[in-house]
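Residue numbers (my numbering): 1 to 400.
Glycine included, each C-beta is placed from N, C-alpha and C at the ideal position.
Please read all numbers here as calculations on a predicted model, not as lab measurements.
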Ligand SMILES: [Zn+2]
Ligand SMILES: [Zn+2]
């Protein structure tokens, strides 16, 4: 294969686009060395610096591989070429593509919008530029759990949108806005669920603000076990809207209770490692009750923060009681997750009972306001600018 060397110029329409867009790094926690892009809907263009345009249509795969410090791009019908970066942009306004990366992940995922690629030291960086509401529907699909009700999905969409705008610049230095794993928000591609897509569109632009009109930290978890946790008890920083409250809605749900046994020796070992030097025959070390959420495990004057215990012993939650049973120490727990903010299973149950998304959000986040993103006060003085962070990688203005 004769490889022609071309530099690619990005043609960006982001600035003039009516709806907000977001740049998401795909397969961010993997290390793609190659990718196959295949058009599933519409028509795509690869725009080249020298004015050469390649059009690719439905079903025609494009192979992108890292080649030394550059990208090699090859379509089935055209000669391949080397470039510093490539933009594959949708032309019909309703374009989508599938993406498959090399190596251990044979999963094919589906996306809408454009795809930007450039090499970094080891791998290729794949950035999807897509409509914010479509991205949010994908996040709700990935993070929403087993909910069915549209009011629940609207709740998740507003939470995901709040998070997105609060951390819009999280990866600006890396030339995109967010990554697709839980470091930012999980995103496995477009949602084809019509209820989820409707939920994102019907709440378009809506975010959650605290009393000072800033975007809240929209924390959520699977199940609080009947009482949510205050953020200061889990993350050491308090927020007026992340306060512990009794949740009567989640206690019959799937993740409301759990149980774990460890051996007596493991437990004593753990206590010693944590600094306990008292009497190991003292029965009080096996007896601990949380009728309501506590912050510390207490044995006399000795304490261990429950959040540390949860992490060290790999427990589903920090909301548990401890009892001794023969040679075992048994943890009887409630809930799943850190317990701060919105309880997903409680929110699902509320939606099933007929509560609206606004009522659900109001229940889990104390004293907040749901409003359009344009009303948010951004503390560093910058308005949330969806185009920010999508600046193009440096393009050499000469042909190699
Ligand atoms: Zn991230
Ligand atoms: Zn709950």
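Can you tell me which of the three DSSP states residue i falls into?
i: residue 100; result: strand
i: residue 334; result: strand
i: residue 314; result: coil
i: residue 280; result: coil
i: residue 260; result: strand
i: residue 148; result: coil
i: residue 319; result: coil
i: residue 273; result: helix
i: residue 245; result: coil
i: residue 298; result: strand
i: residue 395; result: Interpretation of residue 395 is limited by its pLDDT of 26, a score under 50 that renders its predicted location unreliable; the figure taken from the coordinates is listed afterwards. Coil.
i: residue 137; result: helix
i: residue 252; result: coil
i: residue 287; result: coil
i: residue 265; result: helix
Going by DSSP, which residues form a beta bridge with residue i?
i: residue 342; result: 220
i: residue 36; result: 63, 100
i: residue 45; result: 55, 89
i: residue 455; result: Past the boundaries of the shown model lies residue 455; the chain is included only from 1 to 400, so the question cannot be answered.
i: residue 308; result: Per DSSP, none; premise fails for residue 308.
i: residue 325; result: 328
i: residue 125; result: 118
i: residue 24; result: 128, 178
i: residue 111; result: 97
i: residue 303; result: 298
Label residue i either buried or exposed according to how many other C-beta atoms from any shown protein chain fall within 10 Å of its C-beta, with 16 as the threshold for buried.
i: residue 53; result: exposed
i: residue 32; result: buried
i: residue 122; result: exposed
i: residue 55; result: exposed
i: residue 141; result: buried
i: residue 248; result: exposed
i: residue 37; result: buried
i: residue 95; result: buried
i: residue 254; result: exposed
Residues surrounding ligand 1 [beta-carbon distance to nearest heavy atom under 6 Å] = 170, 171, 178, 179, 183, 184
Beta strand (DSSP E) runs wholly inside the segment 153-239, at least 3 long, in chain order = 206-209
Check your reading: residues with Cβ closer than 6 Å to ligand 2 heavy atoms = Listed along the chain, these residues meet the criterion: 223, 224, 247, 250, 343, 346.
Hey, which unbroken runs of the alpha helix (DSSP H) at 4 residues or more fall wholly within the segment 340-379?
-> As far as the segment 340-379 is concerned, its whole alpha helix (DSSP H) runs of at least 4 residues are 344-352, 357-364.
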